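S.K.: Top to bottom, those sequences are chains A and B.
Residue 1285 is where the first sequence starts when you use this note's numbering, and the numbers rise one by one after that.
Residue 71 is where the second sequence starts when you use this note's numbering, and the numbers rise one by one after that.
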Amino acid sequence: MTARIGVVTFPGSLDDRDTQRAIRLAGAEPVALWHKDKDLRQVDAVVLPGGFSYGDYLRAGAISRFSPVMDTVIEQAKAGLPVLGICNGFQVLTEAHLLPGAMLGNDHLHFICRDQKLRVENAETAWTGDYRRGQEIHIPLKNMDGRYVADPYTLDKLEAEGRVVFRYVDFNPNGSLNDIAGVTNEAGNVVGLMPHPEHAVEPLIGSGRTDGLPFFTSILKKLVNA
Amino acid sequence: MARVVVDVMLKPEILDPQGQAVQRALPRLGFEGISDVRQGKRFELEVDGPVDEAALARIHDLAESFLANTVIEDFTVKVEEGAEVEEAAK
Chain A
1285 MTARIGVVTF
1295 PGSLDDRDTQ
1305 RAIRLAGAEP
1315 VALWHKDKDL
1325 RQVDAVVLPG
1335 GFSYGDYLRA
1345 GAISRFSPVM
1355 DTVIEQAKAG
1365 LPVLGICNGF
1375 QVLTEAHLLP
1385 GAMLGNDHLH
1395 FICRDQKLRV
1405 ENAETAWTGD
1415 YRRGQEIHIP
1425 LKNMDGRYVA
1435 DPYTLDKLEA
1445 EGRVVFRYVD
1455 FNPNGSLNDI
1465 AGVTNEAGNV
1475 VGLMPHPEHA
1485 VEPLIGSGRT
1495 DGLPFFTSIL
1505 KKLVNA
Chain B
71 MARVVVDVML
81 KPEILDPQGQ
91 AVQRALPRLG
101 FEGISDVRQG
111 KRFELEVDGP
121 VDEAALARIH
131 DLAESFLANT
141 VIEDFTVKVE
151 EGAEVEEAAK
């Protein structure tokens, strides 16, 4: 039996299909979830994909956070359900206060789309077990609102507790504080990051690297061995 | 009907590149002497029924949980004086 991993589609989600594909390539079973549906169909983990849910109106992720599916995601994430938020999904997780801090517009005010070098800072979360701490990977980054901010107390706490999961290397593409590209919650089951691992899972596509695949194999191993 | 205005601003310590871009454009447009611009959001809520303490408390909750993200933003809630008079005059 393999793991069932849900992917939520919001109005304006863009990368839900790519995420489902990445899950399938990793050997797990993707399950489509719908924003209006409170039912998570008994999945073992959930991915909130990238895109511009609800047009990013008000703030990126602000309206999605109140969708029916998120009521259940928030409740179950607090009980330990593994949840990964990619890009817009990360924004939804900060708006839902499942992850600390907030996302704001890139400091240079431009949309950005590039292959981004990252350093894995925490290989102990539910989603990063197949990486090594200190490993450098290349993952596509594409966003408007990628600037991670948090108050100094929260930043210090995140750093002290090893909850910065990924950091931008060589170049800070959006003005994120402490070069933060991704963070986790205290329990390590909820992870959010701006770059898109689901776009780096096949040698044929993009940079030719498959540096994103370990996200999906990490969670599969975690669930199957549980 | 009465109008309640919720103003939302980024907290002072949060960088506001949009405001900076506006500020930098000012000299080119002939506006001198403006050293800083910060850009915010204004929500005008048309409220059915009286704007009593209970209604204002509900709007405060709405602003705190939804209109503003208090991790990065501050907000104020104001009843717009004269809104009812304006309505009557139309």
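The C-beta atom is built at its ideal place from N, Cα and C for all residues, glycine as well.
If you're wondering where the values come from, they're calculated on a predicted model, not measured in any experiment.
(1) Give the residues of chain A in contact with B:A127, contact being defined as C-beta atoms less than 7 Å apart.
(2) At 3 residues or longer, what runs of the beta strand (DSSP E) sit wholly inside the region 1447-1478 of chain A?
(3) Between A:A1287 and A:R1325, what straight-line distance do the alpha-carbon atoms span, to the nearest angstrom?
(4) Leaving out five residues before and five after A:R1349 in sequence, what residues of the same chain have Cβ atoms less than 6 Å from its Cβ?
(5) So, under 8 Å CB-CB, A:A1465 and A:F1450 are touching, yes? Tell me the CB distance rounded to an integer number of Å.
(6) At a Cβ threshold of 9 Å, is A:V1475 touching chain B?
(7) Would you be able to state if there are at least three C-beta pairs under 8 Å between the region 1307-1314 of chain A and the region 1346-1361 of chain A?
(8) Buried or exposed for B:E83, please, with buried defined as at least 16 other CB atoms from any protein chain shown within 10 angstroms of its CB.
(9) If I follow the unbroken beta strand (DSSP E) through A:T1293, where does it start and stop?
(10) What span of residues does the beta strand (DSSP E) with A:R1431 cover, start to end?
(11) Look at the alpha carbon of A:R1447 and the alpha carbon of A:V1485, and state the distance between them as a whole number of angstroms.
(12) Compare the C-beta of A:G1496 with all C-beta atoms of chain B and state if any pair is closer than 9 Å.
(13) Using the rule of at least 16 other Cβ atoms within 10 Å of the residue's Cβ for burial, across every protein chain shown, is A:R1417 buried or exposed?
M.R.: Taking the coordinates as given:
(1) Result: empty, since nearest Cβ-Cβ is about 20 Å, beyond 7 Å.
(2) 1448-1452, 1464-1468, 1474-1477
(3) Rounded to the nearest angstrom, the two C-alpha atoms are 13 Å apart.
(4) V1376, E1379, A1380
(5) That belief holds up - the Cβ atoms of A:A1465 and A:F1450 are roughly 4 Å apart, short of 8 Å.
(6) no
(7) Not touching, per the Cβ criterion.
(8) exposed
(9) 1288-1293
(10) 1431-1433
(11) Roughly 25 Å separates the two Cα atoms.
(12) Cβ-Cβ to chain B under 9 Å: no for A:G1496.
(13) exposed
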